[in-house]
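Asker: Below are the structure tokens for one structure; questions will follow.
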């Protein structure tokens, strides 16, 4: 019963085989969000603050925080900016944090200011990464996301990706890091480019759970890159991955499609005890009725309040 | 690569591990549909005809046909009524049929008029059923749904249900029936009553595929019995079951939630080659847009046609 403890100063989120699926909010990330990047560079963190609060309200259990605003000289710019962004996020919410950077110096800077027990995102199987990130993770005694690629890139062969994950777990052990503190990202390819992408991930999640006994995560929306009706596809992917042992994902809690899939997966995996969360959220929806959007549910709730008053 | 061939006079539907999920339309069934039962008893098959056509249009690949209108003397009433209903259904559509009855004499009557290679629904592990249904299945050389309960009822222990399925496969072999002609129903309990119901089915589907190498089916909507937002939950269940090896379900193709889940599962399981079906169906939905209902899509298509004309 593997459990990964991620904590802020005052709250804990546990990623685990028998736990509700852990929703890691992806929004605080300027990659592909030019406007946000510009704001953050100019010292405007109003969007960051709003995104933090909105994601927590929507059900995020951990917030991913990335400050990669530029590809130019990130070793200089990213450490102070990530530090600042983390401080802002921690000032508006008390849920646990995932420090997200490909720049080791930025991860180090982030760890200096992050309170509690943040999740570090990420280490890969590349030699220089292993030798830089793992000592940092060991020093702060924090959990880490392990991405299953190495110097040779991302293998299309899931067995190779499994072996990379295994290597990272073994190398982490050399640094005194326990396997329950490794959350493996098996890497999700776009299904539009690679028809086996889904099956590969499902199979990898099962092996990672059964053989390595580690928790798993992924950047969920990548699977639907370039596809029409993308959000729906991402939602079904999340439910399917969760039923094959995936225990967390970096995803968008503001998308109903993502969150409803997770709520349903928790019910069907038996981790929503007595179906309480599902029933509370959807009690206004007729048993045999079609799913209502959250906006429709709010409208329905308003209408019912109005009637009760009348 | 197990494949179950189900056929009408002119068309084939194949249930298989590497095939798109097989949608068996559930609507032609008077159980719980009092109005339909009354109509059928009085010789009015207009609803049956409409349901047949609508389900095929919505994507059903096989039509389940049940004529169990009454619990009083079904041995007398059901055989002629099932025969008549099958004839009606076969007159309005040419897709393969699933003959559904718990009355052996009705299955026998149905087999006399069903064209092609219908699926027989069902045999159980009960001794008298095995001895009555299997010879019939062998005589007509047709595939059969095997429900994993026996004289002791439905076990809550999935291992017991697996053993019942195994027994049916073995007994069928004694009658010369190949395992690829057995489609096992592992039995889906309501998740509201039994929190492990989902996990049990997922695990059973994997074992039935890996160990017995048989196709699987279920009455999908049973899982969400009594739950709010029931249709959404059934949809996610279907996707999750499909990603654990379930290859068909008796379901409602008129529910968008059911069908979108199946289309997504086919994409993510790699059985929707080049994502063609998904892309054709949803090409009007913006890549990052929310899912549109089928009604909204039709509206959108109309609007686009109107603009092209203008």
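Chains as they are written, first to last, in this note's numbering: chain H, 28 to 337; chain E, 28 to 337. All C-beta atoms, glycine included, are put in the ideal place defined by N, C-alpha and C.
What's the call for residue 178 of chain H, buried or exposed, on a 16-neighbour Cβ count within 10 Å?
Answerer: Here residue 178 of chain H refers to the residue found at position 151 of the first chain. It counts as exposed.
Asker: Counting along the chain, where does the alpha helix (DSSP H) carrying residue 192 of chain H start and finish?
Answerer: By 1-based counting over the first chain, the position of residue 192 of chain H is 165. 185-201 is the span of the alpha helix (DSSP H), which, as asked, contains residue 192 of chain H.
Asker: Under a three-way DSSP split, which group does residue 232 of chain E fall into?
Answerer: For the purposes of this step, residue 232 of chain E is taken as the residue at position 205 of the second chain. Helix at residue 232 of chain E.
Asker: Over the uninterrupted alpha helix (DSSP H) stretch that includes residue 286 of chain E, give me the two end residues.
Answerer: For the purposes of this step, residue 286 of chain E is taken as residue 259 along the second chain, with counting starting at 1. Where residue 286 of chain E is concerned, the enclosing alpha helix (DSSP H) stretches over 283-295.
Asker: So what does DSSP say about residue 125 of chain E, is it helix, strand or coil?
Answerer: The residue given as residue 125 of chain E occupies position 98 in the second chain. Residue state, collapsed to three classes: strand.
Asker: Of all the CB atoms in chain E, is at least one closer than 8 Å to the CB of residue 60 of chain H?
Answerer: Residue 60 of chain H sits at position 33 when you count from the first residue of the first chain. By this cut-off, residue 60 of chain H is not an interface position.
Asker: Starting from residue 80 of chain H, trace the beta strand (DSSP E) in both directions and tell me its first and last residue.
Answerer: Position 53 of the first chain, counting from 1, holds the residue named residue 80 of chain H. No beta strand (DSSP E) contains residue 80 of chain H, which is instead part of the alpha helix (DSSP H) from 73-85.
Asker: Of all Cβ atoms in chain H, is any one closer than 8 Å to the Cβ of residue 229 of chain E?
Answerer: As a first step, residue 229 of chain E must be located in the second chain, where it is residue number 202. By this cut-off, residue 229 of chain E is an interface position.
Asker: Name, going along the chain, the residues of the region 275-299 of chain H whose beta-carbon falls closer than 7 Å to a beta-carbon of chain E.
Answerer: Residues 284, 287, 288, 291, 292, 294, 295, 296, 297.
Asker: Along the region 211-242 of chain H, what residues have a CB closer than 7 Å to any CB found in chain E?
Answerer: Cβ contacts with chain E come from 218, 219, 222, 223, 225, 226, 229.
Asker: Taking residue 102 of chain H as the query, report the chain E residues whose CB atoms sit under 8 Å from its CB, ordered along the chain.
Answerer: Your numbering for residue 102 of chain H matches position 75 in the first chain. Within chain E, no residue comes near residue 102 of chain H; the closest Cβ sits about 32 Å away, beyond 8 Å.
Asker: Quick one: Cα of residue 274 of chain E to Cα of residue 59 of chain E, how far?
Answerer: Taking the second chain and counting its residues from 1, the one referred to as residue 274 of chain E is at position 247. Taking the second chain and counting its residues from 1, the one referred to as residue 59 of chain E is at position 32. Taking the straight line from one Cα to the other gives about 26 Å.
Asker: Of all the CB atoms in chain H, is at least one closer than 8 Å to the CB of residue 259 of chain E?
Answerer: Position 232 of the second chain, counted from the start, is the residue given in the question as residue 259 of chain E. Answer yes: the Cβ-Cβ gap between residue 259 of chain E and chain H drops below 8 Å somewhere.
Asker: Along the region 42-69 of chain H, what residues have a CB closer than 7 Å to any CB found in chain E?
Answerer: So the list is empty, because no residue satisfies the distance condition.
Asker: Whole-angstrom Cβ separation of residue 161 of chain H and residue 199 of chain H, contact assumed at under 8 Å?
Answerer: Translated into positions along the first chain, residue 161 of chain H becomes position 134. Translated into positions along the first chain, residue 199 of chain H becomes position 172. The Cβ separation is near 6 Å, so the contact holds.
Asker: Spatial neighbours of residue 240 of chain E within its chain, please: C-beta separation below 6 Å, excluding the five flanking residues on both sides.
Answerer: Working through the second chain from its first residue, we reach residue 240 of chain E at position 213. Once the five neighbours on either side are set aside, the close Cβ partners of residue 240 of chain E are 29.
Asker: Are the beta-carbon atoms belonging to residue 182 of chain H and residue 212 of chain H less than 8 Å from one another?
Answerer: In the first chain, the residue the question calls residue 182 of chain H occupies position 155. In the first chain, the residue the question calls residue 212 of chain H occupies position 185. No, these two residues do not count as a Cβ contact at 8 Å.
Asker: Tell me the DSSP bridge mates of residue 242 of chain E?
Answerer: Along the second chain, read from residue 1 onward, the residue named residue 242 of chain E stands at position 215. The partner list for residue 242 of chain E (beta bridge, DSSP) reads E:210.
Asker: CB-CB under 7 Å to residue 47 of chain H, same chain, minus the five flanking residues each way: which ones, in chain order?
Answerer: Taking the first residue of the first chain as 1, we reach residue 47 of chain H at position 20. So the list reads 293, 298, 299, once near-sequence residues are dropped.
Asker: Measure from the alpha carbon of residue 246 of chain E to the alpha carbon of each residue in E:225, E:38, E:255, then state which is nearest.
Answerer: Within the second chain, the letter at position 219 stands for residue 246 of chain E. For the residues E:225, E:38, E:255, the minimum Cα distance to residue 246 of chain E belongs to E:225.
Asker: Identify the contact partners of residue 310 of chain H in chain A, using a Cβ-Cβ distance below 8 Å as the criterion.
Answerer: Any reference to chain A falls outside this structure, whose protein chains are H and E.
Asker: Let me see if you follow: with CB-CB separation under 8 Å, is residue 72 of chain H close to chain E or not?
Answerer: To locate residue 72 of chain H, count along the first chain from 1; it is residue 45. For residue 72 of chain H, the answer is no, since every Cβ of chain E falls outside 8 Å of its Cβ.
Asker: Using three-state DSSP, classify residue 300 of chain E as helix, strand or coil.
Answerer: By 1-based counting over the second chain, the position of residue 300 of chain E is 273. DSSP places residue 300 of chain E in helix when its eight states are reduced to three.
Asker: From the DSSP output, read off the bridge partner residues of residue 30 of chain E.
Answerer: As a position in the second chain, residue 30 of chain E is number 3, starting the count at 1. DSSP output for residue 30 of chain E lists E:43 as bridge partner(s).
Asker: Pick from H:208, H:57, H:302, H:222: whose alpha carbon is nearest that of residue 257 of chain E?
Answerer: Locating residue 257 of chain E in the second chain gives position 230, where the first residue counts as 1. Minimum Cα distance to residue 257 of chain E is reached at H:302.
Asker: So what's residue 215 of chain H in DSSP terms, helix, strand or just coil?
Answerer: In the first chain, residue 215 of chain H corresponds to position 188, counting from 1. In this structure, residue 215 of chain H counts as coil in the three-state DSSP scheme.
Asker: Quick check on this structure: which residue in E:83, E:222, E:164, E:223 has the alpha carbon closest to the alpha carbon of residue 196 of chain E?
Answerer: If you number the second chain from 1, residue 196 of chain E lands on position 169. For residue 196 of chain E, the nearest C-alpha among the options comes from E:164.
Asker: If you measure from the beta carbon of residue 81 of chain E to each beta carbon in chain H, is any gap under 8 Å?
Answerer: For the purposes of this step, residue 81 of chain E is identified with residue 54 of the second chain, where counting begins at 1. For residue 81 of chain E, the answer is no, since every Cβ of chain H falls outside 8 Å of its Cβ.
Asker: Considering only their Cβ atoms, is the gap separating residue 33 of chain H from residue 134 of chain H smaller than 8 Å?
Answerer: Sequence index remark: in the first chain, residue 134 of chain H carries index 107 (1-based). Sequence index remark: in the first chain, residue 33 of chain H carries index 6 (1-based). No; because the gap between Cβ atoms is not below 8 Å, this pair is not in contact.
Asker: Using a cut-off of 9 Å between C-beta atoms, extract the partners of residue 271 of chain E located in chain H.
Answerer: In the second chain, residue 271 of chain E corresponds to position 244, counting from 1. The contacting residues are 229, 267, 270, 271.
Asker: Check whether the Cβ of residue 29 of chain E lies closer than 8 Å to any Cβ atom in chain H.
Answerer: The count along the second chain starts at 1 and reaches residue 29 of chain E at position 2. For residue 29 of chain E, the answer is no, since every Cβ of chain H falls outside 8 Å of its Cβ.
Asker: Compare the C-alpha of residue 144 of chain E against each of E:215, E:169, E:151 and name the closest.
Answerer: Taking the first residue of the second chain as 1, we reach residue 144 of chain E at position 117. Of the listed residues, the one whose Cα sits closest to residue 144 of chain E is E:169.
Asker: Label residue 54 of chain E either buried or exposed according to how many other C-beta atoms from any shown protein chain fall within 10 Å of its C-beta, with 16 as the threshold for buried.
Answerer: Counting from 1 along the second chain, the entry for residue 54 of chain E is found at position 27. Classification of residue 54 of chain E: buried, given that the 10 Å Cβ count is 16 or more.
Asker: Sorted by chain position, which residues of the same chain lie with C-beta nearer than 7 Å to residue 68 of chain H's C-beta, five sequence neighbours on each side aside?
Answerer: Along the first chain, read from residue 1 onward, the residue named residue 68 of chain H stands at position 41. So the list reads 96, once near-sequence residues are dropped.
Asker: Can you tell me which of H:51, H:45, H:44, H:72 puts its alpha carbon nearest to the alpha carbon of residue 57 of chain H?
Answerer: In the first chain, the residue the question calls residue 57 of chain H occupies position 30. Taking only the C-alpha atoms, the option nearest residue 57 of chain H is H:72.
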